[in-house]
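J.: Mapping of the sequence shown onto the working numbering: residues 549 to 657, in sequence order.
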Amino acid sequence: MKRMSASAFRKLLEKRQFTPQSIEIAYRLLVQGTPARTLAREYGLHATRVYAIRHRVLKAYYEQVLPPGWIEATIAGPENMICEFERQAAAVRDEWLAKTLEGSKPRKR
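(1) So, Leu578 versus Val605, is the Cβ gap smaller than 8 angstroms?
(2) Below 7 angstroms CB to CB, which residues in the same chain sit around Arg641 once its five sequence neighbours on both sides are set aside?
(3) Using a Cβ-Cβ distance under 8 angstroms, would Ser570 count as near chain C?
(4) What's the C-alpha gap between Thr596 and Pro626?
(5) Is the stretch 585-594 close to the stretch 567-576, with three or more CB pairs under 8 angstroms?
(6) Going by the CB atoms, is the gap between Val598 and Ala608 shorter than 8 angstroms?
(7) Whose CA, out of Arg564, Glu620, Phe557 and Lys563, lies closest to the CA of Ala574?
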């Protein structure tokens, strides 16, 4: 995801805390589409720092949304069966999250 809607960005901020500067940078980068190098220059930061902010914000966003094709449901069953299902679902979700965020990790300087 290179861009994010303003409403998705606002919803994210309801659940997560970021510094005011990180919020400003992330909004301009993800919602308005301002290039990372431009933001780095304007804020006196290394471009790597801007990419790190993008990664943290995207990670927080993806942690609160369901992967495509998933639904949320309330189920009842034997405790051991439910625990095993939750473990497997968490592993699949973690895999999806890692794959989704693959391109957003900042490179080392």
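We treat Cβ as the ideally placed atom computed from N, Cα and C, and that holds for glycine.
T.: Put simply:
(1) As a position in the sequence shown, residue 578 is number 30, starting the count at 1. As a position in the sequence shown, residue 605 is number 57, starting the count at 1. Closer than 8 angstroms, so yes.
(2) The residue you call residue 641 lines up with position 93 of the sequence shown. Excluding sequence neighbours, Arg641 sits near Pro615.
(3) The structure shown has no chain C; it contains just one protein chain.
(4) The count along the sequence shown starts at 1 and reaches residue 596 at position 48. The count along the sequence shown starts at 1 and reaches residue 626 at position 78. When rounded, the distance between both Cα atoms is 48 angstroms.
(5) yes
(6) Reading the sequence shown from its first residue, position 60 is the one you call residue 608. Reading the sequence shown from its first residue, position 50 is the one you call residue 598. Cβ distance not < 8 angstroms, so Ala608 and Val598 don't count as in contact.
(7) Stepping through the sequence shown from its first residue, residue 574 is reached at position 26. Minimum Cα distance to Ala574 is reached at Phe557.
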